[in-house]
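Shown next, in structure tokens, is the structure this report addresses.
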Amino acid sequence: MQYLLSEDAKIFLIDCPRSRKDIHIPYDLLEGIKDGDILSTKYVPINKYIHRPNTVVVFMNECPDSSKLSLDRFVAWLRRKIGWAHATPDEEGTWTMPPPEGDTESKTIQRINQSQAKESRKYKSEVIQEAHRKLQYQLAL
1 MQYLLSEDAK IFLIDCPRSR KDIHIPYDLL EGIKDGDILS TKYVPINKYI
51 HRPNTVVVFM NECPDSSKLS LDRFVAWLRR KIGWAHATPD EEGTWTMPPP
101 EGDTESKTIQ RINQSQAKES RKYKSEVIQE AHRKLQYQLA L
């Protein structure tokens with residue numbers, strides 16, 4: 001990927017699709033872009049000097065590993081149903097975000113628990129429906 005980067009770009013957009021779980025996030029590349037100096041070893045070793053200051057935007061379906069990046073060099077935003085929220089990692093590396101404006105933390109936790117319970121009921125319903133379909137198929141034989 002380093003070989004493809006333009007040295008004159010000021011903004012870098014990187015997409016990490018959910019369908020490619022086998023590919024790890026290139027944290028070293030992200031740090032190299034922010035430092036302004038990366039080494040490409042793909043075809044011929046080339047040292048690239050990236051324009052600084054620059055902006056790197058990474059689109060992910062999971063929270064980044066906070067132990068692999070310098071916390072003073074990036075800002076994380078998590079998507080909510082009501083918009084975007086600034087997230088920060090705690091001591092254990094778990095990402096947290098403040099409750100929505102005008103909401104208390106207990107209401108946010110209650111809403112998350114209700115959402116998780118709803119998803120659990122939906123999953124159980126799907127499992128029951130699938131078992132019912134399999135039983136009907138076996139009875140038809």
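When we follow the UniProt record's numbering, the leftmost residue of the sequence shown carries the number 1, and every step to the right adds one. Note that CB positions come from ideal geometry on N, CA and C, so glycine has one too.
Own chain, CB closer than 7 Å to D8, minus 5 neighbours either side, in chain order = Position 8 of the sequence shown, counted from the first residue, corresponds to residue 8. Correct list, in chain order: H51.
Run through DSSP, which three-state label would I50 get?
-> Residue numbering aside, residue 50 sits at position 50 when the sequence shown is read from its first letter. DSSP places I50 in coil when its eight states are reduced to three.
Cα-Cα separation between K34 and H86, rounded to whole angstroms | Residue numbering aside, residue 34 sits at position 34 when the sequence shown is read from its first letter. Residue numbering aside, residue 86 sits at position 86 when the sequence shown is read from its first letter. Using only the alpha carbons, I get a separation of about 20 Å.
Excluding five sequence neighbours on each side, which residues of the same chain lie with their C-beta closer than 8 Å to the C-beta of D37?
-> Taking the sequence shown and counting its residues from 1, one reaches residue 37 at position 37. Same-chain partners within the cutoff: N47, K48, Y49, I50.
Taking the beta strand (DSSP E) that D15 falls in, what are its first and last residues?
-> Start at 1 with the first residue of the sequence shown, and residue 15 comes out as number 15. Per DSSP, D15 belongs to the beta strand (DSSP E) from 11-15.
Nearest to W95 (by Cα), restricted to the options K122, E62, L135, E130 | Mapped onto the sequence shown, residue 95 falls at position 95. The shortest C-alpha separation from W95 is found at E62.
Return the Cβ separation of K97 and L69 in integer angstroms, given the expectation that the two are a contact with Cβ distance under 8 Å.
-> On the sequence shown, position 97 is the one that residue 97 refers to. On the sequence shown, position 69 is the one that residue 69 refers to. It is worth fixing the name first, because residue 97 is Met in this sequence and not Lys. That belief does not hold up - the Cβ atoms of M97 and L69 are roughly 17 Å apart, past 8 Å.
Cα-Cα separation, Y123 to P53 = As a first step, residue 123 is located in the sequence shown; it is residue number 123 there, counting from the start. As a first step, residue 53 is located in the sequence shown; it is residue number 53 there, counting from the start. C-alpha separation (whole angstroms): 46 Å.
What first and last residue would you give for the alpha helix (DSSP H) that runs through G36?
-> Position 36 of the sequence shown holds residue 36. Per DSSP, G36 belongs to no alpha helix (DSSP H) and is neither H nor E.
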